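What follows is one structure encoded as structure tokens, with my remarks underneath.
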Amino acid sequence: MKIAIVGATGLVGSTFLKVLEERNVAFDELYLFASKKSAGKKINFKNKEYEVEELTEHSFDRGIDIALFSAGGDTSKKFAPIAASKGCLVVDNSSAWRMDDAVPLVVPEVNPEAAFKNNNIIANPNCSTIQCVEPLDILNKKYGLKRVIYNTYQAVSGAGIKGIEDLENGLKGEEPKKFPHPIVNNCLPHIDVFLDNGYTKEEIKMVNETRKILNIPDLPITATCVRVPVINSHSVSITAELEKDFDIDEVKNLFKNSDGLILIDDPKNNKYPLARDASGQDFVLVGRVRRDLSAKNSISFWTVADNIRKGAATNAVQIAQLFFNKF
Numbered sequence: 000m001k002i003a004i005v006g007a008t009g010l011v012g013s014t015f016l017k018v019l020e021e022r023n024v025a026f027d028e029l030y031l032f033a034s035k036k037s038a039g040k041k042i043n044f045k046n047k048e049y050e051v052e053e054l055t056e057h058s059f060d061r062g063i064d065i066a067l068f069s070a071g072g073d074t075s076k077k078f079a080p081i082a083a084s085k086g087c088l089v090v091d092n093s094s095a096w097r098m099d100d101a102v103p104l105v106v107p108e109v110n111p112e113a114a115f116k117n118n119n120i121i122a123n124p125n126c127s128t129i130q131c132v133e134p135l136d137i138l139n140k141k142y143g144l145k146r147v148i149y150n151t152y153q154a155v156s157g158a159g160i161k162g163i164e165d166l167e168n169g170l171k172g173e174e175p176k177k178f179p180h181p182i183v184n185n186c187l188p189h190i191d192v193f194l195d196n197g198y199t200k201e202e203i204k205m206v207n208e209t210r211k212i213l214n215i216p217d218l219p220i221t222a223t224c225v226r227v228p229v230i231n232s233h234s235v236s237i238t239a240e241l242e243k244d245f246d247i248d249e250v251k252n253l254f255k256n257s258d259g260l261i262l263i264d265d266p267k268n269n270k271y272p273l274a275r276d277a278s279g280q281d282f283v284l285v286g287r288v289r290r291d292l293s294a295k296n297s298i299s300f301w302t303v304a305d306n307i308r309k310g311a312a313t314n315a316v317q318i319a320q321l322f323f324n325k326f
């Protein structure tokens, strides 16, 4: 099997390699691609040195089986179809293909079957969406979903290396370069660009992607996405109005016994999901599970996940692993 990483020198690209190594993925050849600026850089992987190549129209003329892309939407729009035309299966981490009707949007714990209806391109969802749809899928299958409310608390690593630098440099008193305002001692209700309807692009991503992954096109959803001064791991407060009534202990047991979730829900002993606990993990942590007192058949809970791993790199590798036997 021949594997390629597109955007190999970036934050998610380097994590692709880390996850592949941790999962001991077997391959015959590995190719690392990036921009012209990063070409020639040496990366050590599994005790072997690889040289990063510039991504070009001819990069996939060598029988590459699977390519993991994390190099931005414009790069994916241009090069994913080229790779796909050469018989390469592309798992793309950008937003370029997520809402394309011909491209599946996949979280393996939720809709793995969708991955096999592809034209050699599969989209990896938004990091904050991934950690929300896992528990929501469980609730939907048991009780039915009627409405969802998201409030996110997203780490600066979600904005890449420059987001991390803004926080680190801000602690030294320097002005921000990535964010429109200082992130130190601050919360910014502004992720991605604002749209005419008053929502940000990030918020609408969560709405549309949740509907597509869960296959509920008309599900009412609202979201407010906030950047917070945390290095890594996103936290999301979720309230879901359900079609049927529920038993809170039954819900906790469903979460506890589900693949991909870890229930941490002992508030009397101050045990609940924390960003620092999720960092470095491939699981979604769930807690603060309680009945929402403001609406009938409504439940509120808190999720935390490593946005670079489960929210990006690990989920993409999991998608690719669905096809490993093919090669």
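Using numbering that gives the first Met the number 0, the first residue of the sequence shown is number 0, and each one after it goes up by one.
Beta carbons are placed, not taken as given, at the ideal position from N, Cα and C, and that holds for glycine.
Treat the numbers as computed from the prediction; the structure is a model and nothing was measured.
Inset, instruction - Could you tell me which residues DSSP puts in a beta bridge with Ser236? - result: Asn150, Trp301
Legend entry - Continuous beta strand (DSSP E) assignments of at least 3 residues falling wholly in the stretch 54-140: 65-68, 88-91, 120-122
Legend entry - CB contact flag (Asp264, Val288, <8 Å): yes
Inset, instruction - Check each candidate in Ser232, Gly310, Leu135, Phe26 and name the one with the smallest Cα separation from Pro272. - result: Ser232
Inset, instruction - Using the Cα positions of Leu166 and Val183, report the straight-line distance between them to the nearest angstrom. - result: 6 Å
Legend entry - Complete runs of the beta strand (DSSP E) confined to the stretch 256-294 [at least 3 residues]: 260-262, 283-290
Inset, instruction - May I ask you to list the residues that DSSP assigns as paired with Cys224? - result: Thr151
Legend entry - Beta-carbon contacts of Ala294 that lie in its chain and below 7 Å, excluding the five residues immediately before and after: Glu240
Inset, instruction - Could you check the C-alpha separation between Val316 and Leu19 for me, to the nearest Å? - result: 7 Å
Legend entry - Nearest residue (CA-CA) to Lys35, options Ile65, Phe15, Ala70: Ala70
Inset, instruction - Give a yes or no on whether the C-beta atoms belonging to Leu104 and Pro80 are separated by under 8 Å. - result: no
Inset, instruction - Enumerate, from N- to C-terminal direction, the unbroken alpha helix (DSSP H) stretches of 4 or more residues contained entirely within the stretch 162-233. - result: 200-213
Inset, instruction - Give me the Cβ distance between Ala304 and Leu284, rounded to the nearest whole Å; I'm assuming they're in contact under 8 Å. - result: 7 Å
Legend entry - C-alpha distance - Tyr152 paired with Val51, whole-angstrom precision: 34 Å
Inset, instruction - Excluding the 5 residues preceding and the 5 following Asp191 in the sequence, name in chain order all residues of the same chain whose CB lies nearer than 6 Å to its CB. - result: Thr199, Lys200, Glu201
Inset, instruction - Could you pull the start and end residues of the alpha helix (DSSP H) that Glu242 belongs to? - result: Glu242 -> no alpha helix (DSSP H), and no H or E assigned at all.
Inset, instruction - With a 10 Å radius around its C-beta and 16 neighbouring C-beta atoms as the bar for buried, classify Ala7 as buried or exposed. - result: buried
Legend entry - Whole-angstrom distance between Asp60 and Cys126, CA atom to CA atom: 31 Å
Inset, instruction - Round the Cβ separation of Phe68 and Asp91 to the nearest angstrom and send it over; I've been treating them as touching at under 8 Å. - result: 4 Å
Inset, instruction - Indicate the three-state DSSP secondary structure (helix, strand or coil) for Phe44 in the structure shown. - result: strand
Legend entry - For Ile318 and Glu21, the rounded distance between their alpha carbons: 16 Å
Legend entry - Residues of its chain near Ala113, where Cβ-Cβ distance is below 6 Å and the 5 sequence neighbours each way are ignored: Pro103, Val105
Legend entry - Option in Gln130, Ala95, Trp96, Cys87 with minimal Cα separation from Glu108: Gln130
Inset, instruction - List the DSSP bridge partners of Phe32. - result: Val5, Glu52
Legend entry - Phe15 - containing alpha helix (DSSP H), residue span: 10-21
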